[in-house]
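**Student:**
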Amino acid sequence: MTKPLIGVNPYYFERHKSWWNATQEKYYKAVYLAGGIPMTLHHVSSEIAIEEIANKIDGFVMVGGPDLPHQTYNSQNPDLLDEDVMHKDREQFDRTLFLAMKNKGKPILAICVGFQHINVIYGGTLYEDIPSQTKESVFHGVFNGDWVEHSVRLKDKCLIAQAMGTTNSVIPSTHHQGIRKLGDGLRAVAWAEDGLIEAIEDKKTPDAFIAVQWHPEIDIQSQEQLRLFQWLTKKAATKIEALSNKNYLSA
């Protein structure tokens, strides 16, 4: 079976008076171990160019990163955001590419802020800072700090539970924001012990993407976490094969 080309959206930051595209190596290793070919994407301003990217890649990993700009979900508490906020160019790129990939029926794995971003794209909102806005929250780790583990409960028979092979998992976590109001058309399918939503799916097309609040790339030694990346690469490879067979039959 052909190895699928998996696009990985980059962090976008300024260093030494230049703007850089980069992301953590763990994402690439996870994609490779799952049977895919990881490729760093680059921010472009043209929607036509983003459409061309979506045509070329077979799957998409929306990686973690800084807090989303408060304007994207009409935040009422912008002062609670981390000083490291996502650049508007990355936000627009990630949003547009997500929609393009979803419209093409190509698989998407969204992690941490990628998960939060999908919720915002669907019209949802976020807790700007979980520790200061919830009274009895589980410790979810520190953004850009050490990760912690906590348990999550997954909805029986949902796509993510099927992919991971379990309805209960101990996951690696490092974030300070989370879903407050669920976006229209989304369904929550996993929760932390404090009730915070940890995974979501599209109600109409539940196999369109897997989106999780935690960081599976941190613990790919765990088969449960690696299986999320394997779902992405296997679905992408299956679509390649189906398209190849269709083209062969129509030739």
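The sequence shown begins at 9 in my numbering and counts up by one. From the three backbone atoms N, C-alpha and C, an ideal C-beta is built for every residue, glycine too.
(1) Among Ser53, Ile129, Val69 and Val146, which residue has its Cα nearest to the Cα of Phe260?
(2) Would you identify the three-state DSSP class for Asn176, choosing helix, strand or coil?
(3) Taking its Cβ as the centre, do 16 or more other Cβ atoms sit within 10 Å of Gly15, making it buried, or is it exposed?
(4) What separation, rounded to the nearest whole angstrom, lies between the Cα atoms of Lys242 and Asp137?
(5) So, for His50: in the same chain, excluding its five sequence neighbours on each side, which residues have a beta-carbon less than 8 Å away from its beta-carbon?
(6) Under the three-state reduction of DSSP, which class applies to Arg23: helix, strand or coil?
(7) Considering Cα atoms alone, identify which of Phe123, Gly203, His78 and Val160 is closest to Leu89.
(8) Give the DSSP-derived three-state secondary structure of Val93 in the structure shown.
(9) For Pro86, count neighbouring C-beta atoms within 10 Å of its own C-beta (all shown protein chains included) and say buried if the count is 16 or more, exposed if not.
(10) Of all the options Glu201, Val160 and Glu33, which has the alpha carbon lying nearest to the alpha carbon of Thr174?
(11) What residue range does the beta strand (DSSP E) around Gly15 cover?
(12) In terms of alpha-carbon separation, which member of Lys64, Phe68 and Lys163 lies closest to Phe237?
(13) Can you check whether the CB of Gly186 is closer than 8 Å to the CB of Trp204?
(14) If I'm right that Pro224 touches Ile119 with Cβ under 8 Å, what's the distance once you round it to whole angstroms?
(15) Can you look up Leu204 in the DSSP assignment and give me helix, strand or coil?
(16) Given a cut-off of 8 Å, decide if Gln221 and His183 are closer than it, judged by their beta-carbon atoms.
(17) I think Leu194 touches Val128, with their Cβ atoms under 8 Å apart; what is that distance to the nearest whole Å?
(18) So the alpha helix (DSSP H) Val121 belongs to, where does it begin and stop?
(19) Going by Cα to Cα distance, which pick from Ala38, Gly132 and Glu91 is closest to Ile208?
(20) Which same chain residues end up closer than 7 Å to Ala171 when comparing Cβ atoms and leaving out the 5 residues on each side of it in sequence?
(21) I'd like the list of long-range same chain contacts for Gln124, defined as Cβ closer than 8 Å, with 5 residues on each side in sequence excluded.
**Tutor:** Let's see:
(1) Residue 260 lies beyond the residue range present for the chain, which begins at 9 and ends at 259; the question has no answer from this structure.
(2) DSSP, reduced to helix, strand and coil, places Asn176 within a strand of the structure shown.
(3) Burial call: buried.
(4) So the alpha carbons of these two residues sit roughly 36 Å apart.
(5) Answer for His50: Pro18 and Asn29, listed in chain order.
(6) The answer is strand: DSSP assigns Arg23 an E or B state.
(7) Measuring from the Cα of Leu89, the nearest candidate turns out to be His78.
(8) Collapsing the DSSP output to three states places Val93 in a strand.
(9) Here Pro86 is exposed: its Cβ has fewer than 16 other Cβ atoms, across all protein chains shown, within 10 Å.
(10) When only C-alpha atoms are compared, the closest one is Val160.
(11) Leu13 to Val16 is the span of the beta strand (DSSP E), which, as asked, contains Gly15.
(12) The candidate whose alpha carbon is nearest that of Phe237 is Phe68.
(13) Before going further, note that residue 204 is Leu rather than Trp in the sequence given. The answer is yes: Cβ separation under 8 Å.
(14) Confirmed, about 7 Å.
(15) Under the three-state reduction of DSSP output, Leu204 falls in the coil class, being neither helix nor strand.
(16) Closer than 8 Å, so yes.
(17) About 11 Å separates the CB atoms of Leu194 and Val128; that is not less than 8 Å, and the two are not in contact.
(18) Unbroken alpha helix (DSSP H) run through Val121: Val121 to Ile129.
(19) Checking every option, the nearest Cα to that of Ile208 belongs to Gly132.
(20) If we look at Ala171 and ignore the five residues flanking it on each side, its Cβ neighbours are Ile218, Arg235, Leu236 and Trp239.
(21) Annotation for Gln124: Leu76, Leu134, Gln185, Gly186, Ile187 and Gln221 place their beta carbon closer than 8 Å to its own, counting only its chain and skipping 5 residues before and after.
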